[in-house]
Ligand SMILES: [Ca+2]
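In this note's numbering, the protein residues as written are 1 to 310.
Below you can see the structure in the form of structure tokens.
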């Protein structure tokens, strides 16, 4: 795209005519099928919505301008937002170095610029064919220098029918976009991180992650080596008392007036946020309380995230 203010809506990209298969040139997932939308840094205010992308050998959406809205698209799935999971051997999933009956959903959303919003998209089955050195694409990647984006309400690794699928790269990858809320996304079956954040304290300043439901990923939220330890190793709020559905707690590392999100987890070894249960606001001492929707059942656990408001 060139120019400003383009509206791209309700297209199929990389789909067979009836939307029942990914369209690949010569059935070869290593070849670019051109199921992509690209706009440079001088193309702003575009609205890309309700398109169906699959099978590209690069990022499906690559926007470097400002003030774009990417909403309600499906990426990596058939036109109806699903993957025919019954046809795929689970042992083949994310094997990207050899042709198998696997799902070559292509790349994801790659964003530079400022004030871009990525809302309510469904992204699953992403995989790029290639050598062992081929990195697998983040579903949503916010590159260095970004500012004031919003990533909200996207479903990653789960199809439009709500069926759990997978994705082969990180779900949300922020390597240097600051002042960016990442809110209320659902992330399922990630073969890499759920949310990965890396950059200096200035580059990733005010990355806000709240309300994200994350299950069965390699790590739920992970910070890279450039993130200062004071942030990357910050210890979130503790639960100290339970009375029925009433829970209360303290800060762990100091966090006056923080928001405390409480999530449900199970008792397996994987750190997850299986359901969002609510948010408390701590007092000046970091103490907080919250009424939960239900009491914990056997084998259920809680997890917390503390978010500073300064
Ligand atoms: Ca778990």
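Ideal placement from N, C-alpha and C gives every residue a C-beta, glycine not left out.
Rounded straight-line distance, which links the Cα of residue j to that of residue i
| i | j | result |
| --- | --- | --- |
| residue 15 | residue 199 | 36 Å |
| residue 156 | residue 104 | 16 Å |
| residue 293 | residue 304 | 15 Å |
| residue 121 | residue 75 | 8 Å |
| residue 309 | residue 259 | 7 Å |
| residue 145 | residue 191 | 27 Å |
| residue 61 | residue 39 | 8 Å |
| residue 217 | residue 269 | 11 Å |
| residue 271 | residue 231 | 19 Å |
| residue 58 | residue 130 | 11 Å |
| residue 99 | residue 79 | 23 Å |
| residue 29 | residue 126 | 12 Å |
| residue 25 | residue 152 | 33 Å |
| residue 9 | residue 254 | 47 Å |
| residue 49 | residue 37 | 12 Å |
| residue 43 | residue 116 | 12 Å |
| residue 77 | residue 288 | 42 Å |
| residue 299 | residue 265 | 9 Å |
| residue 159 | residue 22 | 15 Å |
| residue 84 | residue 154 | 21 Å |
| residue 243 | residue 249 | 12 Å |
| residue 202 | residue 147 | 11 Å |
Contact under 9 Å by Cβ, residue i with residue j
| i | j | result |
| --- | --- | --- |
| residue 95 | residue 139 | no |
| residue 212 | residue 204 | no |
| residue 41 | residue 106 | no |
| residue 5 | residue 45 | yes |
| residue 252 | residue 235 | yes |
| residue 197 | residue 227 | yes |
| residue 241 | residue 282 | no |
| residue 54 | residue 111 | no |
| residue 182 | residue 210 | yes |
| residue 118 | residue 70 | yes |
| residue 256 | residue 286 | yes |
| residue 278 | residue 296 | no |
| residue 161 | residue 81 | yes |
| residue 176 | residue 108 | no |
| residue 97 | residue 132 | yes |
Top-ranked residue by Cα proximity to residue i, from the options
| i | options | result |
| --- | --- | --- |
| residue 91 | 101, 84, 227 | 101 |
| residue 88 | 166, 176, 1, 185 | 166 |
| residue 180 | 218, 28, 206 | 206 |
| residue 143 | 291, 285, 64 | 64 |
| residue 273 | 80, 195, 295, 231 | 195 |
| residue 186 | 248, 208, 276 | 276 |
| residue 184 | 202, 159, 214 | 214 |
| residue 306 | 37, 193, 263, 201 | 263 |
| residue 150 | 175, 243, 68 | 68 |
| residue 178 | 164, 168, 141 | 141 |
| residue 3 | 132, 47, 133, 154 | 47 |
| residue 51 | 97, 27, 147, 11 | 11 |
| residue 239 | 154, 302, 159 | 302 |
| residue 33 | 202, 128, 261 | 128 |
| residue 219 | 189, 248, 229 | 189 |
| residue 124 | 93, 134, 148 | 93 |
| residue 261 | 1, 208, 56 | 208 |
beta-carbon residue i near ligand 3 non-hydrogen atom, thresh 8 Å
| i | result |
| --- | --- |
| residue 250 | What this structure holds is ligand 1, not ligand 3. |
**Heavy atoms of ligand 1 versus C-beta positions, residues under 6 Å** = 265, 266, 268, 270, 272
**Request:** Would you mind listing the alpha helix (DSSP H) stretches within the segment 217-290 that are 4+ residues and don't spill past its ends, in chain order?
**Result:** 229-232
**Prompt:** Hey, which unbroken runs of the beta strand (DSSP E) at 3 residues or more fall wholly within the segment 21-109?
**Reply:** 37-39, 47-49, 61-63, 69-71
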